[in-house]
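Structure record follows, encoded as structure tokens.
Numbering (this note's numbering), first residue to last: 56 to 493.
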């Protein structure tokens, strides 16, 4: 499976930097696979150690506090492969199982004996709770499920064709109808398969939606139960919030209502700060923060108590909402509102492009689905997502653009409509699949 992050990892390992690359992301998104692929291509001696497995079995590295102790344990496992730094890569997988090794990475790297790389499935949680991590010695790179462009390539859609599409997007040009229909069909299949590599592989190889849904639901259940750093009370609340996400997204406001978590009045967002932080930092949920004053940069004006949470993978969401019924998505049935999955896939795509996500919330004027920082214009870019034929109806977006205090002159509406056009208000209408170029 082609992954964009492969080039980043390869260039980092060849750069001779004095930092150790640490790939962070949720489980089952392909971190180990892509590091293994790069490692075996670039290094004659490739050593992989799964520290989570070690913590459950031999515990060789449980009490490894010094460099010399680490080398001793490492030599016991792979002594015949330990050569020079230039040809020896040590991959520490699931490093969050032993947080002390994150600290030790600084000293291992300073010794300059071998090249190191690490990954962690719950690394965001570990990093947020460990004060002794030498941040100047590690480079953390976040990884996400396969985005739509990677899904296209997995389906034999050539990279040259994608580069042509990118130029069309930049010039705000529409695609010919047959190409549009093909892309829209693949986009809807992406809503079914999502971006978890195992699900994508099964989807392509078997075209069996039951098998795909089984994989997605197993991983979803795994995500919900995997709160190993917490006691039973915290785990149950994390699971409850996680399980609430699909039904909450089906509501009009799509916001998490904290009083619904335990059905207790008087609860506030602050009562569940640890639980929200876990779901977000572990990568299994994507946060979209509320903004009532959309001034660039958005990060300085967000309200954390009005939070939307999306699942990290749209395939999991469509599995939970529609089970094995693929017609709900492929046929645009009038009885089914696809707004939830369309918003979810846009959130997933923007996050894969390392965008911080916000939405506009105004009691009097309504909501706009997404706001992102536009660093080219030092302004805010509003994005509205439409799944039906009424893509031109968006009163909240109109009011947003008419407010001169916001200093926003451009907006995007994504829908199934083929034609790309820009109206007099500065709103550009474009097909939903163009989100891969935002």
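Glycine included, C-beta positions come from ideal geometry on N, C-alpha and C.
Determine whether the beta carbon atoms of residue 148 and residue 118 lie at a separation below 8 angstroms. Position 93 of the chain shown holds residue 148. Position 63 of the chain shown holds residue 118. No, the Cβ-Cβ distance between residue 148 and residue 118 is not below 8 angstroms.
Mapping DSSP to helix, strand and coil, what is residue 282? The residue given as residue 282 occupies position 227 in the chain shown. Residue 282 falls in the coil class under three-state DSSP.
Taking just the CA atoms, how far does residue 69 sit from residue 496? This structure cannot speak to residue 496, because the chain is shown only from 56 to 493.
With 16 other Cβ atoms within 10 Å as the buried cut-off, status of residue 150: If you number the chain shown from 1, residue 150 lands on position 95. With 16 or more other Cβ atoms within 10 Å, it is buried.
Please give me, in chain order, every unbroken run of the alpha helix (DSSP H) with length at least 4 that falls completely inside the stretch 267-325. 287-304
At a cut-off of 7 angstroms, is residue 201 close to the ligand MG when judged by its beta-carbon and the heavy atoms of the ligand? Ligands displayed in this structure: none; no statement on the ligand MG is therefore possible.
Just the C-alpha distance for residue 56 and residue 173, rounded to the nearest angstrom, thanks. Reading the chain shown from its first residue, position 1 is the one you call residue 56. Reading the chain shown from its first residue, position 118 is the one you call residue 173. Roughly 20 angstroms between the two C-alpha positions.
Determine, using beta-carbon pairs with one atom in the stretch 70-90 and one in the stretch 213-221, whether at least three such pairs fall under 8 angstroms. no
Straight-line Cα distance separating residue 263 from residue 300: Numbered from 1 along the chain shown, position 245 holds the residue referred to as residue 300. Numbered from 1 along the chain shown, position 208 holds the residue referred to as residue 263. If you take the alpha carbons of residue 300 and residue 263, they lie about 26 angstroms apart.
Count the other C-beta atoms from every protein chain shown that fall within 10 angstroms of the C-beta of residue 348, then say buried if there are 16 or more, exposed otherwise. Reading the chain shown from its first residue, position 293 is the one you call residue 348. Its Cβ having fewer than 16 others within 10 Å, residue 348 is exposed.
Provide the residue(s) that pair with residue 196 in DSSP beta bridges, ordered along the chain. On the chain shown, position 141 is the one that residue 196 refers to. Residue 196 pairs with 78.
Would residue 402 and residue 452 be called neighbours here (beta carbons separated by less than 8 angstroms)? Start at 1 with the first residue of the chain shown, and residue 402 comes out as number 347. Start at 1 with the first residue of the chain shown, and residue 452 comes out as number 397. It is not a contact, given that the beta carbons lie outside the stated cut-off.
Nearest neighbour of residue 93, chosen from 345, 138, 63, 378 [CA to CA]: Residue mapping note: residue 93 aligns to position 38 of the chain shown, counting from 1. It is 63 whose Cα lies nearest to the Cα of residue 93.
For a test of the three-state rule: what should DSSP assign to residue 101, helix, strand or coil? As a position in the chain shown, residue 101 is number 46, starting the count at 1. Residue 101 falls in the strand class under three-state DSSP.
For residue 295, tell me which candidate among 160, 307, 327, 71 has the shortest Cα-Cα distance. On the chain shown, position 240 is the one that residue 295 refers to. Minimum Cα distance to residue 295 is reached at 327.
Give the single residue among 462, 80, 466 whose Cα lies nearest to the Cα of residue 449. For the purposes of this step, residue 449 is taken as residue 394 along the chain shown, with counting starting at 1. Answer by Cα proximity: 466.
If you check the beta carbons only, do residue 412 and residue 406 fall under 8 angstroms apart? As a working mapping, residue 412 is identified with position 357 in the chain shown. As a working mapping, residue 406 is identified with position 351 in the chain shown. It is a contact, given that the beta carbons lie within the stated cut-off.
What separation, rounded to the nearest whole angstrom, lies between the Cα atoms of residue 272 and residue 371? Taking the first residue of the chain shown as 1, we reach residue 272 at position 217. Taking the first residue of the chain shown as 1, we reach residue 371 at position 316. The alpha-carbon atoms of residue 272 and residue 371 are separated by roughly 7 angstroms.
Between the stretch 345-365 and the stretch 307-322, do at least 3 Cβ pairs fall closer than 8 angstroms? yes
Count Cβ pairs between the stretch 371-385 and the stretch 273-293 that sit closer than 8 angstroms; are there 3 or more? yes
Just reading off the alpha helix (DSSP H) that residue 495 is part of, what are its end residues? Residue coverage of the chain in this structure runs from 56 to 493, which leaves residue 495 outside it and unanswerable.
Please report the straight-line C-alpha distance between residue 287 and residue 204, rounded to a whole angstrom. Counting from 1 along the chain shown, the entry for residue 287 is found at position 232. Counting from 1 along the chain shown, the entry for residue 204 is found at position 149. Each residue's alpha carbon lies about 40 angstroms from the other.
Put residue 536 into one of helix, strand or coil per three-state DSSP. Residue 536 cannot be examined here, being either before or after the span of the chain that is shown, 56 to 493.
For residue 469 and residue 383, the rounded distance between their alpha carbons: Numbered from 1 along the chain shown, position 328 holds the residue referred to as residue 383. Numbered from 1 along the chain shown, position 414 holds the residue referred to as residue 469. Taking the straight line joining both Cα atoms gives about 20 angstroms.
Just to confirm before moving on: does the CB-CB distance between residue 227 and residue 490 stay below 8 angstroms? One-based indexing of the chain shown puts residue 227 at position 172. One-based indexing of the chain shown puts residue 490 at position 435. Their beta carbons are not under 8 angstroms apart, which means residue 227 does not touch residue 490 by this criterion.
So who's on the other strand from residue 344, going by DSSP bridges? Residue numbering aside, residue 344 sits at position 289 when the chain shown is read from its first letter. For residue 344, which the question treats as bridged, DSSP gives the partners 362, 413.
For residue 210, which of 353, 248, 464 has the nearest alpha-carbon? Sequence index remark: in the chain shown, residue 210 carries index 155 (1-based). Minimum Cα distance to residue 210 is reached at 248.
Buried versus exposed call for residue 352 [16 or more other C-beta atoms within 10 Å across all chains shown]: Here residue 352 refers to the residue found at position 297 of the chain shown. Classification of residue 352: exposed, given that the 10 Å Cβ count is below 16.
How many angstroms separate the CA atom of residue 268 from the CA atom of residue 334? Mapped onto the chain shown, residue 268 falls at position 213. Mapped onto the chain shown, residue 334 falls at position 279. Each residue's alpha carbon lies about 22 angstroms from the other.
Candidates 480, 178, 440: which alpha carbon is nearest residue 332's? Against the chain shown, residue 332 aligns to sequence position 277. Here the closest residue by C-alpha is 178.
Cα-Cα, which of 336, 289, 305, 344 is closest to residue 317? For the purposes of this step, residue 317 is taken as the residue at position 262 of the chain shown. Nearest of 336, 289, 305, 344 to residue 317, Cα basis: 289.
Reduced DSSP secondary structure (H/G/I, E/B, other) of residue 437: Here residue 437 refers to the residue found at position 382 of the chain shown. It is a strand residue.
Have a look at 77, 381, 137 and flag the residue whose alpha-carbon is nearest the alpha-carbon of residue 265. In the chain shown, the residue the question calls residue 265 occupies position 210. Residue 381 is the option with its Cα nearest to residue 265.
Mind checking which residues open and close the alpha helix (DSSP H) that includes residue 353? Working through the chain shown from its first residue, we reach residue 353 at position 298. No alpha helix (DSSP H) holds residue 353; DSSP gives it neither H nor E.
Let me check one thing: in DSSP terms, what residues is residue 148 bridge-paired to? As a first step, residue 148 is located in the chain shown; it is residue number 93 there, counting from the start. Answer is 105, bridged to residue 148.
For residue 64, the first and last residue of its enclosing beta strand (DSSP E): Here residue 64 corresponds to residue number 9 of the chain shown, with the count starting at 1. From DSSP, residue 64 is part of no beta strand (DSSP E) but of the alpha helix (DSSP H) over 60-69.
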